[in-house]
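Novice:
Numbering (the working numbering), first residue to last: 2 to 162.
This is how it looks when you write it as C-alpha coordinates:
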(Lines of atoms letter the chains of each structure in order from A; the text may use other names.)
(Lines give C-alpha, C1' and ligand atoms only; values in the text may rest on other atoms or scores of the structure.)
Protein backbone atom coordinates (compact mmCIF):
# COMPACT_ATOMS: atom_id res chain seq x y z
CA UNK A 2 0.00 0.00 0.00
CA UNK A 3 1.44 3.41 -0.94
CA UNK A 4 2.30 5.81 1.82
CA UNK A 5 0.07 8.72 2.73
CA UNK A 6 2.74 11.17 1.59
CA UNK A 7 3.01 9.53 -1.84
CA UNK A 8 -0.76 9.59 -2.29
CA UNK A 9 -0.96 13.27 -1.37
CA UNK A 10 1.90 14.36 -3.63
CA UNK A 11 0.96 12.25 -6.64
CA UNK A 12 -2.67 13.33 -6.57
CA UNK A 13 -1.81 16.98 -6.06
CA UNK A 14 0.61 16.84 -8.99
CA UNK A 15 -1.85 15.09 -11.26
CA UNK A 16 -4.71 17.42 -10.42
CA UNK A 17 -2.38 20.41 -10.78
CA UNK A 18 -1.75 19.32 -14.39
CA UNK A 19 -5.50 18.99 -14.90
CA UNK A 20 -6.03 22.46 -13.38
CA UNK A 21 -3.35 24.10 -15.55
CA UNK A 22 -4.73 22.62 -18.78
CA UNK A 23 -8.28 23.49 -17.72
CA UNK A 24 -7.32 27.06 -16.86
CA UNK A 25 -5.83 27.57 -20.31
CA UNK A 26 -8.92 26.02 -21.92
CA UNK A 27 -11.16 28.16 -19.70
CA UNK A 28 -9.40 31.37 -20.73
CA UNK A 29 -9.47 30.58 -24.45
CA UNK A 30 -13.09 29.41 -24.49
CA UNK A 31 -14.28 32.36 -22.36
CA UNK A 32 -12.52 34.85 -24.63
CA UNK A 33 -14.00 33.17 -27.72
CA UNK A 34 -17.54 33.11 -26.29
CA UNK A 35 -17.24 36.78 -25.29
CA UNK A 36 -15.83 37.78 -28.67
CA UNK A 37 -18.37 35.83 -30.70
CA UNK A 38 -21.29 37.04 -28.57
CA UNK A 39 -20.24 40.60 -29.31
CA UNK A 40 -19.20 40.25 -32.97
CA UNK A 41 -21.17 37.22 -34.14
CA UNK A 42 -20.13 33.63 -34.70
CA UNK A 43 -18.57 32.44 -37.98
CA UNK A 44 -21.02 32.60 -40.88
CA UNK A 45 -20.71 28.87 -41.63
CA UNK A 46 -22.22 26.62 -38.96
CA UNK A 47 -23.03 29.51 -36.60
CA UNK A 48 -24.90 27.46 -34.01
CA UNK A 49 -22.45 24.58 -34.28
CA UNK A 50 -19.50 26.77 -33.26
CA UNK A 51 -21.54 28.40 -30.52
CA UNK A 52 -22.64 25.12 -28.98
CA UNK A 53 -19.27 23.39 -29.18
CA UNK A 54 -17.28 26.27 -27.72
CA UNK A 55 -19.80 26.65 -24.90
CA UNK A 56 -19.59 22.93 -24.09
CA UNK A 57 -15.83 23.36 -23.73
CA UNK A 58 -16.38 26.43 -21.54
CA UNK A 59 -18.68 24.42 -19.24
CA UNK A 60 -16.19 21.54 -19.21
CA UNK A 61 -13.39 23.93 -18.28
CA UNK A 62 -15.33 25.54 -15.44
CA UNK A 63 -16.42 22.13 -14.08
CA UNK A 64 -12.91 20.71 -14.30
CA UNK A 65 -11.24 23.77 -12.82
CA UNK A 66 -13.60 23.83 -9.85
CA UNK A 67 -13.19 20.12 -9.08
CA UNK A 68 -9.44 20.18 -9.65
CA UNK A 69 -9.08 22.95 -7.07
CA UNK A 70 -11.34 21.12 -4.62
CA UNK A 71 -9.34 17.93 -5.04
CA UNK A 72 -5.93 19.64 -4.82
CA UNK A 73 -6.89 21.32 -1.56
CA UNK A 74 -8.64 18.20 -0.30
CA UNK A 75 -5.67 15.94 -0.92
CA UNK A 76 -3.35 18.46 0.71
CA UNK A 77 -5.47 18.54 3.85
CA UNK A 78 -7.01 15.05 4.04
CA UNK A 79 -5.14 12.91 1.50
CA UNK A 80 -6.11 9.46 2.72
CA UNK A 81 -9.49 10.32 4.23
CA UNK A 82 -12.59 8.45 3.06
CA UNK A 83 -13.99 11.82 2.00
CA UNK A 84 -11.44 11.86 -0.83
CA UNK A 85 -11.81 8.22 -1.77
CA UNK A 86 -12.47 6.68 -5.16
CA UNK A 87 -15.98 8.02 -5.77
CA UNK A 88 -15.09 11.56 -4.73
CA UNK A 89 -12.52 12.08 -7.42
CA UNK A 90 -13.42 9.44 -9.99
CA UNK A 91 -16.97 10.66 -10.65
CA UNK A 92 -16.28 14.42 -11.10
CA UNK A 93 -13.20 13.79 -13.24
CA UNK A 94 -15.07 11.18 -15.31
CA UNK A 95 -17.83 13.75 -15.90
CA UNK A 96 -15.21 16.35 -16.85
CA UNK A 97 -13.54 13.84 -19.17
CA UNK A 98 -16.83 13.12 -20.94
CA UNK A 99 -17.68 16.83 -21.27
CA UNK A 100 -14.27 17.56 -22.77
CA UNK A 101 -14.42 14.51 -25.04
CA UNK A 102 -17.85 15.48 -26.38
CA UNK A 103 -16.93 19.14 -26.89
CA UNK A 104 -13.47 18.70 -28.35
CA UNK A 105 -14.38 15.84 -30.66
CA UNK A 106 -17.34 17.82 -32.01
CA UNK A 107 -15.24 20.96 -32.47
CA UNK A 108 -12.46 18.93 -34.11
CA UNK A 109 -14.97 17.45 -36.55
CA UNK A 110 -16.13 20.96 -37.41
CA UNK A 111 -12.67 22.50 -37.85
CA UNK A 112 -10.37 19.69 -38.98
CA UNK A 113 -10.71 20.47 -42.71
CA UNK A 114 -10.35 24.24 -42.22
CA UNK A 115 -7.00 25.90 -42.80
CA UNK A 116 -6.65 29.21 -41.00
CA UNK A 117 -4.03 30.35 -43.53
CA UNK A 118 -6.36 29.97 -46.53
CA UNK A 119 -8.37 33.16 -46.95
CA UNK A 120 -11.44 31.41 -48.40
CA UNK A 121 -11.71 29.05 -45.41
CA UNK A 122 -10.70 31.27 -42.52
CA UNK A 123 -12.92 33.14 -40.11
CA UNK A 124 -12.41 35.56 -37.24
CA UNK A 125 -10.43 33.98 -34.37
CA UNK A 126 -9.78 30.82 -36.43
CA UNK A 127 -6.37 30.23 -34.84
CA UNK A 128 -7.84 30.69 -31.36
CA UNK A 129 -10.48 28.05 -32.10
CA UNK A 130 -7.74 25.70 -33.34
CA UNK A 131 -5.76 26.46 -30.18
CA UNK A 132 -8.82 25.62 -28.08
CA UNK A 133 -9.03 22.28 -29.88
CA UNK A 134 -5.37 21.51 -29.10
CA UNK A 135 -5.46 22.42 -25.40
CA UNK A 136 -8.81 20.66 -24.97
CA UNK A 137 -7.35 17.44 -26.39
CA UNK A 138 -4.41 17.79 -24.01
CA UNK A 139 -6.82 18.27 -21.10
CA UNK A 140 -8.82 15.24 -22.24
CA UNK A 141 -5.68 13.06 -22.26
CA UNK A 142 -4.60 14.25 -18.82
CA UNK A 143 -8.07 13.54 -17.44
CA UNK A 144 -8.03 10.09 -19.04
CA UNK A 145 -4.81 9.43 -17.18
CA UNK A 146 -6.41 10.73 -13.97
CA UNK A 147 -9.43 8.43 -14.33
CA UNK A 148 -8.24 5.14 -15.81
CA UNK A 149 -5.12 4.24 -13.78
CA UNK A 150 -6.84 5.30 -10.58
CA UNK A 151 -9.82 3.05 -11.29
CA UNK A 152 -7.52 0.14 -12.20
CA UNK A 153 -5.46 0.50 -9.04
CA UNK A 154 -8.56 0.79 -6.86
CA UNK A 155 -10.11 -2.32 -8.41
CA UNK A 156 -6.85 -4.23 -8.02
CA UNK A 157 -6.40 -3.21 -4.40
CA UNK A 158 -10.01 -4.03 -3.52
CA UNK A 159 -9.75 -7.48 -5.14
CA UNK A 160 -6.59 -8.20 -3.15
CA UNK A 161 -8.47 -7.60 0.09
CA UNK A 162 -11.20 -10.12 -0.78
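Virtual Cβ for every residue (Gly too), placed ideally from N, Cα, C.
In three-state terms, what does DSSP make of residue 125?
Specialist: Correct three-state label for residue 125: coil.
Novice: For residue 104, I'd like the list of residues in its chain whose CB is within less than 7 angstroms of its CB, leaving aside the five on either flank, ordered along the chain.
Specialist: Excluding positions up to five away in sequence, the list reads 57, 133, 136, 137, 140.
Novice: For residue 111, count neighbouring Cβ atoms within 10 angstroms of its own Cβ and tell me buried if that reaches 16, exposed if not.
Specialist: Label assigned to residue 111: buried.
Novice: Decide if the stretch 70-78 is in contact with the stretch 14-21; the criterion is three or more beta carbon pairs, one per stretch, under 8 angstroms apart.
Specialist: A contact exists between the stretch 70-78 and the stretch 14-21.
Novice: Pick from 43, 51, 99: whose alpha carbon is nearest that of residue 63?
Specialist: Taking only the C-alpha atoms, the option nearest residue 63 is 99.
Novice: Quick one, which of 92, 52, 27, 61 has its alpha-carbon nearest residue 146's?
Specialist: Selected option, being the one with the closest Cα: 92.
Novice: On the CB-based measure, 16 or more other CB atoms within 10 Å of its CB, does residue 15 come out buried or exposed?
Specialist: Buried: at least 16 other Cβ atoms inside 10 Å.
Novice: Please state the DSSP three-state secondary structure of residue 46.
Specialist: Residue 46 falls in the coil class under three-state DSSP.
Novice: Using three-state DSSP, classify residue 118 as helix, strand or coil.
Specialist: Here residue 118 sits in coil by DSSP.
Novice: Taking buried to mean at least 16 other C-beta atoms within 10 Å of its own C-beta, is residue 148 buried or exposed?
Specialist: By the neighbour-count rule (16 or more Cβ atoms within 10 Å), residue 148 is not buried but exposed.
Novice: Cβ of residue 108 within 8 angstroms of Cβ of residue 116?
Specialist: Contact flag unset, no.
Novice: What did DSSP end up calling residue 52 once you bin it into helix, strand or coil?
Specialist: Helix.
Novice: So is residue 143 buried or exposed if we call it buried at 16+ other beta carbons inside 10 Å?
Specialist: With 16 or more Cβ atoms within 10 Å of its Cβ, residue 143 is classed as buried.
Novice: Would you tell me roughly how many angstroms separate the C-alpha atoms of residue 9 and residue 89, rounded to the nearest one?
Specialist: If I take the Cα positions, the gap works out to 13 angstroms.
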